[in-house]
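Beneath this line is the structure, given in C-alpha cells, with notes to follow.
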Amino acid sequence: MRSVWSGNLAFGLVSIPVKLGSAVSSHKIGFRQIHRADQGRVRYQKTCELDEQVLSTADITRAYETADELVEVTDEDLKALPLPTAKTIEISGFLDMAALDPMQVDTPYFLAPASPSAEKPYVLMRDALTRSGKAAVGKFAMRNSEHLALIRPQDDILLLQTLRWPDELNDPAEATPRGNVKISASELRLADTLIEALGEADLSEYHDEYAQAVEALVAAKLEGVEPPAPGAQDTGGKVVDLMSALRASVDQARGGEEPDEESDEEATVHQLRSPGRKKAPAKKSAAGKSAAKKPGSASGAGSESAPSGGSSGGGSKAATPKKTAAKKTAAEAGTKKATAKSAAAKKAPAKKSASRRRTG
C-alpha cells in the first residue's frame, strides 16, 4: 500500500503509529487538448504577470491573498505552525453511524499499522469499535489543510473517512418542493409496490457505460471503422398521469405481467421472472402450435366433421391426430358420454387409411 500520510493515532493515552493509503482509485476517461489544425498538443506555460517571464517550479512559491495584497507563505512557515494534528490523528469522541449525516462523508482511506509493534493496539481499537458499534471522530492535518475524520472498523481493518466541516454543507431549503403537493394512498401503495418489485440493488453489477462507450469509440477510430451506432435513448418527458406511469413501471418491473385494473386495492408484489423466460411470449408460441393441430385450421380439412368421414387424401391425414386430439374433437362435437366411442371410431379410420397408404 502506497502511503499518502503517516503519523500517530492518539486514543486516550495510547499512541498507535499508523499510515494512510488511498481506498479508492479513479477510472475516469481523460482527454488532452490539441490544436485543431495539426493535432499538436496544447502546452501551458506559467508566466509572471509583471515581467511576462516563463517560470520554472523552483521559481514559484505560494501566497495568501487578502483584500489589499498577497502575503507569501513558505513551506517553512507551514511546518512551524503550532498544530497538534500535523502528525497525529486525535480521537476526541465517538458516535453512532446512524447519527452521521451522509452529506458530510467525503474520501475514504485505509488506516494501517505502520510497524509490527503497532499491530496489537491497532487490533485492540478495531475490536473495541466493533463491540461498541460506534465510530471514532478526530482531526488530522494533511496537504496543507486540517480534516475532520471518522474512523470505523470494516472487516479486518480500520477505515478512515474524511468528513466535510459542518459549515461546508449547504442549506437544502432551495431543493424543497414549494407547491402544496398531496399524495394519495393509492399512489403511495403503487410506489411501494414498484420499490419492492425492482428489488435490492447489487452495486457490484454497476459499471461506467460512458467510459466503455468512449473506449469503443477510440478503438473504432484506431481501426478505421465506423464507431458503434448509438441506441435508442429514453428522453423522458413530462409526467402527465402519475398513476399510469407508476402502473406501467410496476408492469415493466414484473416482467410484462399485467397490473391490476384501476383500483384502489392494495398492490401486491410478484417474484420477477428470469430473463428469457417471460410468460407472455411462451403462451403466444404455444397457441400457435395448438392452432396448427385444430381440425378446422389444418389445410385440406373442410370442417370440424371432416375427420369422422373416413375420406382418404387430405382428409385422412387430418384424421390421424394423437389420442388426445381425437378426444378434444369428440368433446366439441358430441356429449361426454359418447366420447370414448367417438374416439374409437375416429381412431379406426386413421389406422385403415394408414394401412392403405403402406400397401399402395
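This note's numbering applies: residue 710 is where the sequence shown begins, and numbers increase by one.
Virtual Cβ for every residue (Gly too), placed ideally from N, Cα, C.
Open item on the list: Within 10 Å of its beta-carbon, does Gly728 have 16 or more other beta-carbons around it, so buried, or fewer, so exposed?
Closed with: A small fix is needed here, since residue 728 is Lys in this sequence, not Gly. Lys728 is buried by the Cβ-count criterion.
Task: Contact the segment 775-784 vs the segment 801-814: 3+ CB pairs below 8 angstroms - done: With the cut-off at 8 angstroms, the segment 775-784 and the segment 801-814 do not touch.
- [ ] Since I believe Ile866 is in contact with Ala845 (beta carbons under 8 angstroms), could you give me their beta-carbon distance rounded to a whole number of angstroms?
- [x] So it is not a contact: roughly 14 angstroms between Cβ atoms.
TODO: Pick out whichever of Pro830, Leu764, Leu787, Phe803 has its Cα sitting closest to the Cα of Ala772.
DONE: Selected option, being the one with the closest Cα: Leu787.
TODO: Classify Pro822 as buried or exposed, calling it buried when 16 or more other Cβ atoms lie within 10 Å of its own Cβ.
DONE: Buried, since its Cβ has 16 or more Cβ neighbours within 10 Å.
Open item on the list: So, for Phe720: in the same chain, excluding its five sequence neighbours on each side, which residues have a beta-carbon less than 7 angstroms away from its beta-carbon?
Closed with: Closer than 7 angstroms at Cβ, skipping near neighbours: Ile800, Met834.
- [ ] Could you tell me the distance, in whole angstroms, from the CA atom of Leu790 to the CA atom of Thr816?
- [x] If you take the alpha carbons of Leu790 and Thr816, they lie about 25 angstroms apart.
Task: According to DSSP, residues forming a beta bridge with Ala844 - done: Beta-bridge analysis with DSSP links Ala844 to Leu804.
Open item on the list: As a quick exercise: from Arg711, Lys796, Gly730, pick the residue whose alpha carbon is nearest that of Ala850.
Closed with: Comparing alpha-carbon positions, the option among Arg711, Lys796, Gly730 lying closest to Ala850 turns out to be Lys796.
Open item on the list: By the DSSP assignment, the beta strand (DSSP E) with Lys728 in it spans what residues?
Closed with: Start and end: 723-731.
Task: Beta-bridge pairing of Glu883 - partner residues as DSSP gives them - done: According to DSSP, Glu883 bridges with nothing at all.
Task: Per-residue DSSP class, three states only, for Met710 - done: Residue state, collapsed to three classes: coil.
Task: Per DSSP, cross-strand counterpart(s) of Glu855 - done: As a beta-bridge residue in DSSP terms, Glu855 pairs with Ala850.
- [ ] Please name the residue in Ile725, Phe740, Asp768, Leu804 whose C-alpha comes closest to that of Lys829.
- [x] Of Ile725, Phe740, Asp768, Leu804, the smallest CA-CA separation from Lys829 is found for Ile725.
TODO: Apply the 10 Å Cβ neighbour rule to Val723 and answer buried if 16 or more other Cβ atoms are within range, or exposed otherwise.
DONE: Under this definition Val723 is an exposed residue.
TODO: With distances taken Cα to Cα, identify the nearest neighbour of Lys737 among Asp960, Val923, Gln961, Pro936.
DONE: Per the Cα distances, Val923.
Open item on the list: Could you give the first and the last residue of the continuous beta strand (DSSP E) run that contains Val814?
Closed with: Looking at the DSSP string, the run of the beta strand (DSSP E) that includes Val814 is 814-822.
- [ ] Please state whether DSSP places Arg956 in a helix, a strand or coil.
- [x] Arg956: helix per DSSP, three-state reduction.
TODO: Find the nearest neighbour of Asp960 within the set Ala929, Leu931, Leu903, judged by alpha-carbon distance.
DONE: Residue Leu903 is the option with its Cα nearest to Asp960.
- [ ] Would you list the residues sitting across from Ala719 in a DSSP beta bridge?
- [x] According to DSSP, Ala719 shares a beta bridge with Ser724, Glu799.
- [ ] Check the DSSP bridge columns for Gln870 and list the partner residues they point to.
- [x] Per DSSP, the beta bridge partners of Gln870 are Pro817, Leu859.
- [ ] Thinking Leu687 and Leu872 are a contact (beta carbons under 8 angstroms), I'd like their distance in whole angstroms, please.
- [x] Nothing can be reported for residue 687, as the shown portion of the chain is limited to 710 through 1069.
TODO: Per DSSP, which residues does Val780 bridge with? Please list them.
DONE: In the DSSP output, where bridge partners are listed per residue, Val780 has Tyr773.
Task: Buried versus exposed call for Lys1031 [16 or more other C-beta atoms within 10 Å across all chains shown] - done: Caution is warranted here: a pLDDT of 46 is assigned to Lys1031, below 50, making its placement in the model unreliable, and the coordinate value is therefore given only provisionally. With fewer than 16 other Cβ atoms within 10 Å, it is exposed.
TODO: Would you give the residue range spanned by the alpha helix (DSSP H) that Tyr1070 belongs to?
DONE: The chain is shown from 710 up to 1069; residue 1070 falls before or after that span and cannot be answered.
Open item on the list: Please tell me whether Ala732 and Phe819 are closer than 8 angstroms, where the distance is taken between their beta carbons.
Closed with: It is a contact, given that the beta carbons lie within the stated cut-off.
Open item on the list: What does the alpha-carbon distance come out to for the pair Ser734 and Tyr915?
Closed with: The straight-line gap from Cα to Cα measures roughly 16 angstroms.
Task: Opening and closing residue of the alpha helix (DSSP H) in which Arg898 lies - done: Element bounds for Arg898: 894-907.
Open item on the list: At the level of alpha carbons, what is the spacing between Ser886 and Ala894?
Closed with: The displayed chain sequence assigns Pro, not Ser, to residue 886. The alpha-carbon atoms of Pro886 and Ala894 are separated by roughly 19 angstroms.
Task: For Glu1071, the nearest candidate out of Ile769, Arg745, Asp917 (CA to CA) - done: No statement about residue 1071 is possible, as the shown extent of the chain runs from 710 to 1069 and does not include it.
Open item on the list: For Gln742, which residues in the same chain have their Cβ closer than 6 angstroms to its Cβ, ignoring the five residues on either side in sequence?
Closed with: For Gln742, where only same-chain residues beyond five positions count, the Cβ hits under 6 angstroms are Val751.
Open item on the list: Once DSSP output is grouped into helix, strand and coil, what is the label at Thr1033?
Closed with: Residue placement at Thr1033 is flagged as unreliable, the pLDDT there being 47, under the threshold of 50; the coordinate-derived value follows with that caveat. Thr1033: helix per DSSP, three-state reduction.
- [ ] Give me the Cβ distance between Met952 and Glu896, rounded to the nearest whole Å; I'm assuming they're in contact under 8 angstroms.
- [x] With 8 angstroms as the limit, Met952 and Glu896 qualify as a contact, their Cβ atoms being about 6 angstroms apart.
Task: Straight-line Cα distance separating Ala962 from Lys998 - done: With a pLDDT of 44 at Lys998, under the threshold of 50, the modelled position of that residue is not reliable, and no figure is offered here.
Task: Cβ shell of Gln754 (< 7 angstroms), same chain only, five flanking positions each side left out - done: Closer than 7 angstroms at the Cβ level, and outside the excluded window around Gln754, lie Val763.
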